[in-house]
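Asks: Numbering (this note's numbering), first residue to last: 4 to 111. Let me begin by handing over the structure; questions about it come next.
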């Protein structure tokens with residue numbers, strides 16, 4: 004945002020689209036197969052890592068092409084916290100529907 008202003012693809016947009024894609028079954032009501040459950044567990048592990056670890060400032064691309072990201076000093080954690088709160092609401096709504104046993108155990 005600092006560099007591209009209103010035209011920037013924001014962290015909020017990226018995290019929201021990522022959550023919606025990884026957890027699409029919560030909205031669609033489709034069954035959550037074993038591969039998708041594994042993907043969703045991986046998502047939660049990564050969100051936990053972003054919230055709890057103190058990673059060194061790092062660039063996600065070749066040095067010199069991207070600005071270093073210092074997680075504790077960025078907007079990452081507040082946005083992850085917001086996405087997890089949204090996800091919790093979506094999961095609670097899904098638990099009110101009829102789910103197969105594996106999906107219910109996965110979401111509980």
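We put the CB at the ideal spot given by N, CA and C, even for glycine. As the structure is a prediction and not an experimental result, all values here were calculated from the model.
How big is the Cα-Cα spacing for residue 77 and residue 95?
Replies: 29 Å
Asks: One question on the structure: do residue 53 and residue 79 come within less than 7 Å of each other, judged by their Cβ atoms?
Replies: yes
Asks: Using DSSP with H/G/I as helix, E/B as strand and the rest coil, what is residue 1?
Replies: In this structure the chain extends from 4 to 111, so residue 1 is not present and cannot be described.
Asks: For residue 44, does the three-state DSSP call read helix, strand or coil?
Replies: Helix, per DSSP.
Asks: Can you list, in chain order, the residues of its chain whose CB lies under 6 Å from that of residue 3, leaving out five sequence neighbours each side?
Replies: This structure cannot speak to residue 3, because the chain is shown only from 4 to 111.
Asks: How about residue 46 and residue 25: do their beta carbons lie closer than 7 Å?
Replies: Cβ distance < 7 Å, so residue 46 and residue 25 count as in contact.
Asks: Considering only their Cβ atoms, is the gap separating residue 86 from residue 18 smaller than 7 Å?
Replies: Their beta carbons are under 7 Å apart, which means residue 18 touches residue 86 by this criterion.
Asks: Exposed or buried, what is residue 106 when buried is set at 16 or more other beta-carbons lying within 10 Å of its beta-carbon?
Replies: buried
Asks: Along the chain, where does the alpha helix (DSSP H) that runs through residue 56 open and close?
Replies: Where residue 56 is concerned, there is no enclosing alpha helix (DSSP H), given that its DSSP letter is neither H nor E.
Asks: Rank 20, 29 and 21 by C-alpha distance to the C-alpha of residue 123 and give the top, closest one.
Replies: The requested residue 123 does not occur in the structure, where the chain is confined to residues 4 to 111.
Asks: Over what stretch of residues does the alpha helix (DSSP H) that includes residue 24 continue unbroken?
Replies: 14 to 25
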